[in-house]
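In this note's numbering, the protein residues as written are -11 to 561.
All residues carry an ideal CB built from backbone N, CA and C; glycine is no exception.
Only a predicted model underlies this, so the values are computations on that prediction, with no experimental measurement involved.
Take a look at the structure set out below.
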RNA sequence: CGGGGCGUAGCGCAGCUUGGUAGCGCACCAGGCUGGGGGUCUGGUUGUCGCAGGUUCAAAUCCUGUCGCCCCGACCA
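Now the structure itself:
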């Protein structure tokens, strides 16, 4: 039994000045966590119990699925990460350090390499597969901007699993098992979430899904079709636009459009000089970028912006994308800022990409590559030809669902889990092979699966808190029951103590507020702030032999005879 | 990387413009009253004023540098 009189806890009356989001504010105020440095937090007793409860649920579900727990160091030598090139690729996000001999080490940001090497060193036969291993470990990433308390930290707790299979079918099966285990896990954690298709990344089109907990303070944006259930990270959202046939459209025509460097100004002048009815959607925006230093132009409808994150995620084989600066325009005098058009792309030395919305056969108003001039009737396929179609335009609420064409909504969420078919990238880089039936070496195929454990604590807090404090689901609360003894006589304290014992005998963990020197008001406020699901008040009602049982979420209260309290409490959990 | 803001007691803040040797609330300690909604009275404890340098008889305050923290933007052709 935890006793408030001796619990290492100090709740704060005021919100900490550096906390913005609810989970951060309340976890600090309620004495769960304390900040040590940007994105680095300590866990106090109540917080650490909660974190371990989340870990326990995850561990139980992983074990139930037949995955085996191992544990790696967080401190790792660089060699394995050099073999997969991540020592370079991770860049400044990687915490690097040297030992006394000058050897390079890192604090693991994720452990694909180590798991791959472990399986390599132990297993060498197809008969050993499949196998799935996991660990719960601290991860270290030197984030450019740690944020929102525990939601994006530089040190955080992650459960990472890796599956190893001989065949693609095997990988599909392992992936499905993890997906099912994640569903069970997040359900038990009391999280609301959507499973959303995510970017498969640069490595060969394998499957990837994210578990997103909807929450206004989340950092991820995703689309959801309420009609058919389609859900996708905006980066992975597919747009389908039918090709048109505007081959018979009139020939291109140059228009005099003075002082129209922006879409808005262009639309105004078009409507003024060339008839009404032009909208931004009729114009074609040519967004110039440098892809690894080479100029490219991305074509999107004028009423859309380019979403750089989507573009980057979908443009494979390119390391770095940068917007054209005035300097870049100066280096390419043929590219007239504000009046760029795709029809002369070859002559101008620009590689053309188009968003799918700029479908083959569509006709546009676009820049004439001359100052103060635009062209109309510029037809895709006749007057210009993109080398590829890539998802680049921003997604808007109401856009058509790729599955059912219904309108999608856009929502924000916290990414709490990510499951991913890695394929053979790491196994190849680190030569993880097993002998097949014919005695031939086969490269193993892998999946990787992550749950943000500490982040899940924050996500649950975000989804369950109210104006007065935290409000945990029973499964992860630091205790199931919070008993508050009030008054100055001994009796309520004795009754509370006894009741605590009875509840513990029923298997319910108890936090007992046995502080003699605090007023009832202080104890009630603390109980609400701390957020244990059932609160039992032992005080006034004791005159009739009763205690008051309150449900933290919703606040319903009822008085029951002391003897009936344990059964009632148990029924509420 | 850019923009904005902030570093003064465990927490929240004032003091800085106009330099004179640090204050308020909460918390904490002692005692009294109160005892079901952060109650009250009296007395107390707590500070390298982020750090370094400079100006000055004198710096929390002015100047320079530096470190740290928070928020916003990572973009509009």
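Starting from residue 166, follow the beta strand (DSSP E) in both directions and report where the run begins and ends. From DSSP, residue 166 is part of no beta strand (DSSP E) but of the alpha helix (DSSP H) over 156 to 176.
Residue range of the alpha helix (DSSP H) that includes residue 488: Note, residue 488: alpha helix (DSSP H), 479 to 493.
If residue 250 sits next to residue 326, beta carbons under 8 Å apart, how far is it from one beta carbon to the other, in whole angstroms? With a Cβ gap of about 7 Å, residue 250 and residue 326 count as contacting.
Taking C-alpha atoms, which residue in 105, 421, 289 lies nearest to residue 229? Checked all of 105, 421, 289; the closest Cα to residue 229 is 289.
Would you list the one or two residues that DSSP bridges to residue 379? Residue pairing by DSSP places residue 379 opposite no residue, since no beta bridge is assigned to it.
Taking only three categories from DSSP, how would you classify residue 395? The answer is strand: DSSP assigns residue 395 an E or B state.
Please report the Cβ distance between residue 548 and residue 556, rounded to the nearest whole angstrom; I am assuming they are in contact, meaning their Cβ atoms lie under 8 Å. About 5 Å separates the two Cβ atoms, so the contact holds.
Is there contact between the segment 272 to 289 and the segment 337 to 352, where contact requires at least three CB pairs shorter than 8 Å? Result yes; three or more Cβ-Cβ pairs closer than 8 Å.
Out of 142, 531, 417, point me to the one whose CA is closest to residue 108's CA. The shortest C-alpha to C-alpha distance from residue 108 to any of 142, 531, 417 is the one to 417.
Is the separation between the beta-carbon of residue 309 and that of residue 300 shorter than 8 Å? Going by C-beta atoms, residue 309 is nearer than 8 Å to residue 300.
Would you call residue 581 buried or exposed, if buried means 16 or more other Cβ atoms sit within 10 Å of its Cβ? Since the displayed the chain opens at -11 and closes at 561, residue 581 lies outside it and no answer follows.
Please state if the CB of residue 138 and the CB of residue 459 are separated by a distance shorter than 8 Å. No, the Cβ-Cβ distance between residue 459 and residue 138 is not below 8 Å.
Just tell me which of 484, 276, 352 has its CA closest to the CA of residue 317. Closest by C-alpha distance to residue 317, out of 484, 276, 352, is 276.
Using a Cβ-Cβ cutoff of less than 6 Å, which residues in the same chain neighbour residue 218 once the five nearest sequence positions on both sides are dropped? Once the five neighbours on either side are set aside, the close Cβ partners of residue 218 are 389, 391.
Quick check on residue 524: buried or exposed, where buried means 16 or more other Cβ atoms within 10 Å of its Cβ? It counts as buried.
Would you check if there are 3 or more beta carbon pairs closer than 8 Å linking the segment 126 to 133 to the segment 169 to 180? At 8 Å Cβ cutoff, the stretches do not touch.
Whole-angstrom C-beta distance between residue 470 and residue 518, which should lie under 8 Å: With 8 Å as the limit, residue 518 and residue 470 qualify as a contact, their Cβ atoms being about 7 Å apart.
Own chain, CB closer than 6 Å to residue 3, minus 5 neighbours either side, in chain order: A distance below 6 Å between beta-carbons, with the five flanking residues on each side excluded, links residue 3 to the following residues of its chain, in chain order: 13.
Looking only at C-alpha atoms, which of 369, 143, 257 sits nearest to residue 246? Between residue 246 and the set 369, 143, 257, the nearest pair of CA atoms involves 257.
Taking C-alpha atoms, which residue in 411, 65, 363 lies nearest to residue 93? Of the candidates 411, 65, 363, the one whose C-alpha sits nearest the C-alpha of residue 93 is 65.
Pick out whichever of 244, 155, 54, 415 has its Cα sitting closest to the Cα of residue 359. Residue 244 is the option with its Cα nearest to residue 359.
Are residue 164 and residue 187 touching if we call contact CB-CB under 8 Å? Result no, Cβ atoms of residue 164 and residue 187 do not sit closer than 8 Å.
If you count every other CB in all the chains shown that lies within 10 Å of the CB of residue 44, and 16 or more means buried, which is it? Exposed is the call here.
What does DSSP give as the partner residues of residue 457 in its beta bridges? 454.
Identity of the residue in 486, 515, 74, 73 nearest residue 457 by Cα: Of the candidates 486, 515, 74, 73, 515 places its Cα closest to the Cα of residue 457.
May I ask you to list the residues that DSSP assigns as paired with residue 278? Answer is 283, 310, bridged to residue 278.
Could you tell me the alpha carbon to alpha carbon distance between residue 511 and residue 495, rounded to whole angstroms? Each residue's CA atom was taken as its position, placing residue 511 and residue 495 some 24 Å apart.
Any 3 or more C-beta pairs closer than 8 Å across the segment 28 to 46 and the segment 523 to 539: At 8 Å Cβ cutoff, the stretches do not touch.
I need the straight-line Cα distance from residue 484 to residue 507, nearest angstrom please. C-alpha of residue 484 to C-alpha of residue 507: approximately 16 Å in a straight line.
Within the continuous beta strand (DSSP E) that includes residue 248, where are the two ends? From DSSP, residue 248 is part of no beta strand (DSSP E); its letter is neither H nor E.
Thinking residue 432 and residue 467 are a contact (beta carbons under 8 Å), I'd like their distance in whole angstroms, please. Contact between residue 432 and residue 467 does not hold, since the beta-carbon distance rounds to 44 Å and is not under 8 Å.
Rounded to whole angstroms, what's the CA-CA distance from residue 54 to residue 118? Just pull it up for me. Residue 54 and residue 118: Cα-Cα distance of roughly 11 Å.
In three-state DSSP terms, what is residue 214? It is coil, neither helix nor strand.
Whole-number beta carbon distance between residue 465 and residue 434, since they are thought to touch under 8 Å: Between the beta-carbon of residue 434 and that of residue 465 there is about 36 Å, and that puts the pair past the 8 Å contact cut.
Does the beta-carbon of residue 193 have 16 or more other beta-carbons within 10 angstroms, so that it is buried, or is it exposed? Legend: pLDDT at residue 193 = 48, less than 50; position of this residue unreliable, value from coordinates given subsequently. Looking at its Cβ environment, which holds fewer than 16 other Cβ atoms inside 10 Å, residue 193 is exposed.
Roughly how far, in whole angstroms, is the beta-carbon of residue 210 from the beta-carbon of residue 404, given that I think they are within contact range, below 8 Å? With 8 Å as the limit, residue 210 and residue 404 do not qualify as a contact, their Cβ atoms being about 13 Å apart.
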